[in-house]
Amino acid sequence: MSEASAPKAAIFGCAGPRLAPEEEAFFRAADPLGFILFARNCEAPEQLRDLVASLRAAVGREDAPVLIDQEGGRVARLKPPNWRALPPPAFFGRMATHDWQRASEALRLNSRLLAIELRALGIDVDCVPVLDLQFPGASDVVGDRSFGGDPELVAGLGRIVCETMLAEGIMPVIKHLPGHGRARVDSHKELPVVGTALAELEARDFRPFEQLSEMPWGMTAHVVFTALDPDNPATTSGRVIAEILRGHIGFQGLLLSDDLSMEALAGTLGERAGRALAAGCDVALHCNGKPEEMELVAEAAPALTAAALARIAAGRKRLGTPESVDPALLQRRLDLLMNVD
């Protein structure tokens with residue numbers, strides 16, 4: 003695909019379980035890179051497969067990425083009774099502190115089953131793993147979404163998730179670069195400001211991202227780090243993206259902003275998208291499906307750059323061809339591991 007014919011550097015959500023005619027028309031005209039799903043979009047397997055197909059048909063690309071945040075625990079867009087209830091990442095982190103082999107095998111099985119579920123729905127990107135660390139006194143916006151507070155443990159379990167997903171043909175997204183764990187407020191509601199010294203950030207917060215820096219996709223944090231850029235959150239900071247994400251951490255994959263509709267960011271949605279892309283994000287992510295906001299993002303977002311297109315192509319080459327397997331067998335093995343005292 004040439005840069006001239008490239009999709010727009012945006013990913014959008016939609017309002018409900020079915021694509022409305024006006025949404026279809028907007029997506030056809032805007033031609034975003036892809037789409038992201040939330041619980042409001044997920045009623046039942048057949049309905050969701052139809053929605054995913056409708057989204058791709060709207061932009062005329064069968065390979066348009068369709069994302070979801072299916073982390074486990076409280077962040078799960080696919081819910082019972084139609085889909086499995088997944089344990090939160092912290093469950094596997096606690097298990098790993100006293101039995102790494104058991105935890106790693108359970109996480110691998112859980113991730114493989116999740117990938118099978120997503121493939122059956124046509125979803126090809128899962129925004130996992132969370133590589134943020136747990137810190138005492140921090141906001142619970144991360145909390146049990148994290149594997150724990152040990153950078154090596156978080157990196158090790160995060161690698162299992164990434165490698166399993168890639169092998170199963172699902173794109174993982176490491177998040178939230180360069181680390182959201184110290185935030186004392188929820189970035190969905192207000193802007194977190196972290197005053198930790200750079201040396202401490204490098205020693206702990208950045209470490210899981212450094213160790214998984216070769217992964218194909220990543221997502222930013224709406225967090226100000228005063229030691230790096232006291233005026234801008236990482237998402238809209240050219241310095242943080244160039245010097246820390248691309249530089250110190252070494253991440254060279256496709257960089258998505260976190261959701262631009264979160265209240266941590268100031269300005270109109272168009273201004274937010276423009277700042278994130280100008281700072282070095284490859285793709286502006288907008289999730290709530292509100293048409294007036296999506297129009298502003300679409301106006302501000304240009305076509306994907308040549309560098310972004312190359313990153314997408316390189317990421318697709320990392321995706322494996324899944325082996326045929328009986329999910330019930332995997333589930334029985336997982337149940338045995340989860341039920342050991």
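Residue numbers (the working numbering): 3 to 343.
Note that the Cβ used here is the ideal one computed from N, Cα and C, for glycine as well.
Where residue i falls: helix, strand or coil (DSSP)
| i | result |
| --- | --- |
| Lys319 | helix |
| Ala17 | coil |
| Val242 | helix |
| Met167 | helix |
| Asp343 | With a pLDDT of only 46 at Asp343, under 50, the local geometry of the prediction cannot be trusted, and the value read off the model is given with reservation. Coil, per DSSP. |
| Glu73 | strand |
| Phe355 | Outside the displayed span of the chain (3 to 343) sits residue 355, for which this structure offers no information. |
| Leu247 | helix |
| Val54 | helix |
| Leu256 | strand |
| Val143 | coil |
Exposed unless 16 or more other CB atoms sit within 10 angstroms - verdict on residue i
| i | result |
| --- | --- |
| His224 | buried |
| Leu338 | exposed |
| His100 | exposed |
| Thr228 | exposed |
| Lys177 | buried |
| Pro83 | exposed |
| Gly18 | exposed |
| Ala32 | buried |
From the options, residue whose alpha carbon lies closest to that of residue i
| i | options | result |
| --- | --- | --- |
| Ala122 | Phe253, Ala55 and Arg20 | Ala55 |
| Val156 | Gly171, Glu64, Asp134 and Thr166 | Asp134 |
| Arg318 | Ala281, Pro83, Ala205 and Pro218 | Pro218 |
| Ser239 | Leu279, Gln254 and Glu204 | Leu279 |
| Val187 | Ile172, Ile70, Gln254 and Glu265 | Glu265 |
| Ala140 | Cys164, Ser106 and Thr198 | Thr198 |
| Leu193 | Glu107, Glu165 and Ala268 | Ala268 |
| Gly282 | Gln254, Asp261, Val299 and Ala66 | Gln254 |
Close beta carbons around residue i, own chain, < 6 angstroms, minus the five adjacent residues each side
| i | result |
| --- | --- |
| Ala302 | Gly272, Ala275 and Gly276 |
| Phe137 | Gly183 and Arg184 |
| Glu45 | Pro19 |
Chain-order list of residues whose beta-carbon lies under 8 angstroms from that of residue i (same chain, five-residue window excluded)
| i | result |
| --- | --- |
| Ser263 | Leu271, His288, Cys289, Asn290, Lys292 and Glu295 |
| Leu306 | Glu5, Ala8, Pro9, Lys10, Ala11, Leu35, Asp284, Val285 and Ile314 |
| Leu120 | Ile70, Gln72, Asp126, Asp128 and Ile172 |
Span of the beta strand (DSSP E) around residue i
| i | result |
| --- | --- |
| Trp102 | No beta strand (DSSP E) contains Trp102, which is instead part of the alpha helix (DSSP H) from Trp102 to Leu123. |
| Leu39 | Pro34 to Leu39 |
| Met221 | Trp219 to Thr222 |
| Leu179 | Ile176 to Leu179 |
| Leu287 | Ala286 to His288 |
Contact set for residue i: own chain, Cβ-Cβ below 7 angstroms, skip 5 residues either direction
| i | result |
| --- | --- |
| Leu332 | Leu111, Arg114 and Leu115 |
Residue i - containing alpha helix (DSSP H), residue span
| i | result |
| --- | --- |
| Arg209 | Arg209 to Gln213 |
| Arg277 | Leu271 to Ala281 |
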